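Position 32, counted from 1, in the sequence shown is what UniProt numbering calls 32; the numbers after and before it change by one each time, with no gaps.
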Amino acid sequence: MYKKITKIPDFVFAILTFFIPIALLFIFFSPDFYKREIIKFGYLFLIAILCFILSLSISILWIKLKIVSFNFVFYYPVIDFSFVLILLTYNLSGNPGLLALRIILVLASIFLIIPSLIFKEKIKALMIQKSLRPKK
Numbered sequence: 001m002y003k004k005i006t007k008i009p010d011f012v013f014a015i016l017t018f019f020i021p022i023a024l025l026f027i028f029f030s031p032d033f034y035k036r037e038i039i040k041f042g043y044l045f046l047i048a049i050l051c052f053i054l055s056l057s058i059s060i061l062w063i064k065l066k067i068v069s070f071n072f073v074f075y076y077p078v079i080d081f082s083f084v085l086i087l088l089t090y091n092l093s094g095n096p097g098l099l100a101l102r103i104i105l106v107l108a109s110i111f112l113i114i115p116s117l118i119f120k121e122k123i124k125a126l127m128i129q130k131s132l133r134p135k136k
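The structure is reproduced here in structure tokens:
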């Protein structure tokens, strides 16, 4: 079974992996923060998606190295995806109808944690079943 080898809480790694990069994106490039567009949407989209993929890759690496618990990759990327979606839907805050669409998109991305937890339980069950199987 999976057991992490560090005593450092997972939240510290979540801050380093997910929250600091997305906070830097918000501080430097967010039109919601500056009330005007700093860089073109295409560049912002590319930077945000690359940041998300890099954060996800680092979290998978930390799981492989057993630095964080197995649950790490199932919780924090969903939250990070929600922040990326908030960043990328800035142009939907123009009128009330589009603002409602932005809110619905962000809430839907937050509710992605439910399928993520179901997927985590399936993987955990497979890992337990594999560890209980007799070795040949």
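Where is the CB? At the ideal position from N, CA and C, for every residue including glycine. Every value quoted in this text rests on a predicted model; they were computed, and no experiment measured them.
Taking just the CA atoms, how far does residue j sit from residue i?
i: F18; j: L56; result: 8 Å
i: N71; j: I110; result: 17 Å
i: V106; j: R133; result: 42 Å
i: L87; j: A100; result: 15 Å
i: S93; j: R102; result: 7 Å
i: K4; j: P21; result: 24 Å
i: V84; j: L61; result: 21 Å
i: M42; j: I128; result: Note that residue 42 is Gly in the sequence shown, not Met. Going from the Cα of G42 to the Cα of I128 covers about 44 Å.
i: L65; j: L112; result: 26 Å
i: I67; j: I15; result: 14 Å
i: K35; j: Y90; result: 10 Å
i: D80; j: A23; result: 10 Å
With a CB to CB cut of under 6 Å and the five nearest residues on each side skipped, what residues in its chain are close to residue i?
i: F74; result: S116 and K120
i: P77; result: L56
With H, G and I counted as helix, E and B as strand and the rest as coil, what does DSSP make of residue i?
i: F70; result: coil
i: K40; result: coil
i: G97; result: helix
i: T89; result: coil
i: R133; result: coil
i: L65; result: coil
i: L112; result: coil
i: K122; result: helix
i: I58; result: helix
Give the range of the alpha helix (DSSP H) segment to which residue i is assigned.
i: F11; result: D10 to A14
i: F29; result: I20 to F29
When every heavy atom of the ligand GDP is checked, does at least one fall within less than 7 Å of the C-beta of residue i?
i: I60; result: Because no ligand of any kind appears in the structure shown, any question about the ligand GDP cannot be addressed here.
Which same chain residues end up closer than 7 Å to residue i when comparing Cβ atoms and leaving out the 5 residues on each side of it in sequence?
i: F26; result: F33 and L87
i: I63; result: F70, F72 and V73
i: residue 140; result: One cannot answer for residue 140 here, as it falls past the ends of the chain, which runs 1 to 136.
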